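Colleague: The structure under discussion is supplied below as structure tokens; questions concerning it will follow.
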Amino acid sequence: MKNSFVRRVLPSAALMISAFVFTPSSAHAEPSNRDTNNKNYPQIAQADPWAAQVRRELNKYARAAGLTGYSETHDPFIGRLGRGGETDITLQLDRGVRYAIFGVCDNDCRDIDLALYDDNGRLIASDTKNDDIPIVFVTPAWNARFTIRVNMVSCSNAPCRYGVGAYGQ
């Protein structure tokens, strides 16, 4: 069974339109309590070509990254942010597992960054390069809920859709 991502919107993410939390028991996204207009992820992906594009990009990048021996550990997280918007996603990581956590975004996005924090709020890893496919690696020393901060640095046609995938070995 895959783990869940949990999303928390930061006050500076005023441009955040919506995000979806994947649950392991239902295997589909449910609207957050701030998003009452959307249905579950499969319906949104069909109606929203940008979300579907992000899902394809996650799958493509996972294959292209050559993560030999890695497998998906969490359901992907798909969300929307405007330029300069940021949000936090929390996920449970297990001690001793090597994780690759990466982000992708739609064609309107030119730069998205990821920062990974441990359960004590310490920065563990980040990818702030000027690119649209950030990746961070971590092997936790203990079981804990870690936080991924997603920052939409560049978005030419807001909101930009993005996705975060987690793989482990």
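The opening residue of the sequence shown carries number 4 in the numbering used here; numbering runs sequentially from there. From the three backbone atoms N, C-alpha and C, an ideal C-beta is built for every residue, glycine too. Predicted model only: the values in this text are computed from it and were never measured.
Within the present structure, is the beta-carbon of Asp97 separated from the nearest heavy atom of the ligand ADP by less than 8 Å?
Modeller: Absence of the ligand ADP is noted for the structure shown, with no ligands found whatsoever.
Colleague: Closest to Cys125 by C-alpha separation, out of Tyr170, Ile151, Ile81, Ala161, would be which residue?
Modeller: Before going further, note that residue 125 is Arg rather than Cys in the sequence given. When only C-alpha atoms are compared, the closest one is Ile151.
Colleague: Taking Ile115 as the reference, which of Asn133, Ile104, Phe149 has the closest Cα?
Modeller: Ile115 has its Cα closest to that of Asn133, out of Asn133, Ile104, Phe149.
Colleague: In whole angstroms, give me the CA-to-CA distance for Ser35 and Gly99.
Modeller: Residue placement at Ser35 is flagged as unreliable, the pLDDT there being 35, under the threshold of 50; the coordinate-derived value follows with that caveat. For Ser35 and Gly99, the distance between alpha carbons rounds to 31 Å.
Colleague: Contact check, Val107 vs Tyr165 under 8 Å by CB: the rounded distance?
Modeller: Sure, about 7 Å apart at Cβ, within 8 Å.
Colleague: So, helix, strand or coil for Arg2, using DSSP?
Modeller: Limits of the chain in this structure are 4 at one end and 172 at the other, which puts residue 2 out of reach.
Colleague: Given a cut-off of 9 Å on the beta-carbon distance, is the pair Leu94 and Val153 in contact?
Modeller: Contact: no.
Colleague: I'd like the span of the beta strand (DSSP E) that includes Val156, first residue to last.
Modeller: Note, Val156: beta strand (DSSP E), 147-158.
Colleague: If you measure between the beta carbons of Pro143 and Leu96, is that distance less than 9 Å?
Modeller: Yes, they are a contact pair.
Colleague: Pick out whichever of Pro162, Gly87, Asn62, Asn123 has its Cα sitting closest to the Cα of Ile104.
Modeller: Taking only the C-alpha atoms, the option nearest Ile104 is Asn62.
Colleague: Beta-carbon within less than 8 Å of Ala147's beta-carbon, same chain only, minus the 5 sequence neighbours each way: which residues are those?
Modeller: Cβ within range, chain order: Gln95, Leu96, Asp121, Asp122.
Colleague: Below 6 Å CB to CB, which residues in the same chain sit around Pro79 once its five sequence neighbours on both sides are set aside?
Modeller: Correct list, in chain order: Leu61, Gly166, Gly168.
Colleague: Which of the three DSSP states, helix, strand or coil, is assigned to Ala118?
Modeller: Reduced to three states, the DSSP call for Ala118 is strand.
Colleague: In chain order, what residues of the same chain have a beta carbon less than 7 Å from the beta carbon of Asp130, not counting five sequence neighbours either side?
Modeller: Around Asp130: Asp116, Leu117, Pro137, Ile138, Val139.
Colleague: Is DSSP giving Pro45 helix, strand or coil here?
Modeller: The pLDDT assigned to Pro45 is 39, lower than 50, so where the model puts this residue is not dependable; a value taken from the coordinates is nonetheless given after this. Pro45: helix per DSSP, three-state reduction.
Colleague: For the beta strand (DSSP E) containing Gln95, list its first residue and its last residue.
Modeller: Unbroken beta strand (DSSP E) run through Gln95: 89-96.
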